[in-house]
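Let me begin by presenting the structure, written as structure tokens, before commenting on it.
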């Protein structure tokens, strides 16, 4: 198999693009996809500092690597979920990455903010662990960005993540979730920062290949709580469809973004308030994060 | 050849010189879900892996509440 650009031996075949690339040309292809995402959705400018949410996994560290190399001003944010050895190892990967590149890394622990780590939250709420974890992550990303005066948070969500989320929303016809699915969510309140996903044009396999070729030391092991997660099941289904019909995931997501998403946007804007407890944005009186923290405190104290 | 699999980490032996796509088919692994690594290199589905080689099939799928 030969590289589409230079004719040298290829290291990666991208069936959905009907192409294969050598290592240098694949790295450039990857960076160009990120640049196109940033440009098309006006995600951020070079005058801004971007808070990059990093987990120690391939996607977020690959994203941070591209942004640093392209000259963006960045700060990493690692959220310590307190998930046993997995969190210890993933935090170490982020610290090593930041130290090697001389970029700042902020660490925020869920235990300090909620009152307990994710494994305890899971037991207290009796909901899937990814539920309390995702809620805590979204809340803390916004909180840390506001505290540090940053207007934008970038996450490592890739094409597979986005396609799987869309698949889940469509399977349950969560029409309220569909307009929120976007590579770039604008700030709609002074206390809500912009959220962007510069890797949404790249598949999970492409981000893994980029991380490998860039010799990024990322955590390969899965989160112990991800086993059996619905999002994994949806990804497996979509990967089988992709195998049978290359480009299926891309067409599903991009078709939605280009043609279907506008149909689900609401005419009237959602009213946002400030949480009576913490001051962060909520649609109610007390935000979901404060309710979660209350629930944890009650159970942990009793 | 020795084939290293992850999550959980384990090893399987596959006999003879084989193309990568044949190995994946035999192990019932969807090519889209793994990187195929031989030493410090990525290898494509049409490449032949020799009897004495070791390859790693590294999963690329992550999931849960938020991205990795």
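Chains as they are written, first to last, in my numbering: chain R, 325 to 626; chain E, 1089 to 1156. A virtual CB, placed ideally from N, CA and C, is assigned to each residue, including glycine.
Would you report the Cα separation of residue i and residue j, rounded to the nearest angstrom?
i	j	result
residue 1155 of chain E	residue 445 of chain R	Residue confidence for residue 1155 of chain E is low, a pLDDT of 41 falling below 50, so the modelled location carries little weight; the figure read from the coordinates is stated next. Distance between the alpha carbons of residue 1155 of chain E and residue 445 of chain R is about 19 Å.
residue 1134 of chain E	residue 1125 of chain E	14 Å
residue 1153 of chain E	residue 566 of chain R	Because the pLDDT of residue 1153 of chain E is 47, which lies under 50, any placement of that residue in the model is unreliable, and the question is left without a value.
residue 342 of chain R	residue 537 of chain R	21 Å
residue 370 of chain R	residue 1098 of chain E	45 Å
residue 335 of chain R	residue 1128 of chain E	11 Å
residue 586 of chain R	residue 506 of chain R	11 Å
residue 528 of chain R	residue 485 of chain R	8 Å
residue 515 of chain R	residue 470 of chain R	7 Å
residue 1104 of chain E	residue 474 of chain R	56 Å
residue 500 of chain R	residue 594 of chain R	11 Å
residue 415 of chain R	residue 399 of chain R	15 Å
residue 388 of chain R	residue 434 of chain R	22 Å
residue 449 of chain R	residue 1114 of chain E	42 Å
residue 612 of chain R	residue 467 of chain R	14 Å
residue 544 of chain R	residue 412 of chain R	14 Å
residue 523 of chain R	residue 358 of chain R	6 Å
residue 1136 of chain E	residue 394 of chain R	37 Å
residue 339 of chain R	residue 512 of chain R	39 Å
residue 429 of chain R	residue 606 of chain R	27 Å
residue 426 of chain R	residue 1110 of chain E	44 Å
residue 356 of chain R	residue 584 of chain R	26 Å
residue 608 of chain R	residue 599 of chain R	7 Å
residue 1094 of chain E	residue 573 of chain R	24 Å
residue 1140 of chain E	residue 1092 of chain E	13 Å
Can you look up residue i in the DSSP assignment and give me helix, strand or coil?
i	result
residue 470 of chain R	helix
residue 465 of chain R	helix
residue 422 of chain R	helix
residue 332 of chain R	coil
residue 575 of chain R	helix
residue 1143 of chain E	strand
residue 490 of chain R	helix
residue 432 of chain R	strand
residue 345 of chain R	strand
residue 496 of chain R	coil
residue 597 of chain R	strand
residue 400 of chain R	strand
residue 1118 of chain E	coil
residue 481 of chain R	coil
residue 544 of chain R	coil
residue 405 of chain R	coil
residue 1155 of chain E	Caution is warranted here: a pLDDT of 41 is assigned to residue 1155 of chain E, below 50, making its placement in the model unreliable, and no coordinate value can be reported.
residue 358 of chain R	helix
residue 375 of chain R	strand
residue 510 of chain R	coil
Hey, does residue i have any beta-carbon neighbour from chain R nearer than 8 Å?
i	result
residue 1142 of chain E	no
residue 1091 of chain E	no
residue 1153 of chain E	Any answer about residue 1153 of chain E is weak, because its pLDDT of 47 lies below 50 and its placement is not dependable; what the coordinates show is given next. It does: the Cβ of residue 1153 of chain E has a partner Cβ on chain R nearer than 8 Å.
residue 1145 of chain E	no
residue 1094 of chain E	yes
residue 1115 of chain E	no
residue 1112 of chain E	no
residue 1120 of chain E	yes
residue 1156 of chain E	Unreliable positioning characterises residue 1156 of chain E in this predicted model, as indicated by a pLDDT of 41, which lies under 50. The coordinate reading is nonetheless provided below. At least one chain R Cβ lies under 8 Å of residue 1156 of chain E.
residue 1137 of chain E	no
residue 1100 of chain E	no
residue 1103 of chain E	no
residue 1148 of chain E	yes
Can you find a CB in chain E that lies within less than 8 Å of the CB of residue i?
i	result
residue 421 of chain R	no
residue 375 of chain R	no
residue 336 of chain R	yes
residue 344 of chain R	yes
residue 474 of chain R	no
residue 544 of chain R	yes
residue 495 of chain R	no
For a cutoff of 8 Å on Cβ pairs, would you count residue i as touching chain A?
i	result
residue 550 of chain R	This model lacks chain A altogether, as its protein chains are R and E.
Between the region 380-391 of chain R and chain E, which residues of the former have a C-beta closer than 7 Å to a C-beta of the latter?
381, 382, 383 and 384
Just by C-beta distance, which residues in the region 553-583 of chain R are closer than 8 Å to chain E?
553, 555, 556, 559, 560, 563, 564, 566 and 567
Pairs of beta-carbons, one from the region 608-623 of chain R and one from the region 432-444 of chain R, closer than 8 Å: are there three or more?
yes
Tell me which residues of the region 359-373 of chain R have at least one Cβ-Cβ distance to chain E shorter than 9 Å, keeping chain order.
none
Below 8 Å, how does it come out for the region 482-501 of chain R and the region 453-466 of chain R: are there three or more Cβ pairs, yes or no?
no
Counting pairs of Cβ atoms below 8 Å between the region 414-421 of chain R and the region 551-564 of chain R, do you hit three or more?
no
Determine, using beta-carbon pairs with one atom in the region 514-531 of chain R and one in the region 379-393 of chain R, whether at least three such pairs fall under 8 Å.
yes
Under 8 Å, with one C-beta from each stretch per pair, do the region 571-587 of chain R and the region 349-362 of chain R reach the 3-pair mark?
no
Taking Cβ-Cβ distances below 7 Å as the criterion, which residues of the region 502-535 of chain R are in contact with chain E?
528, 529, 532 and 533
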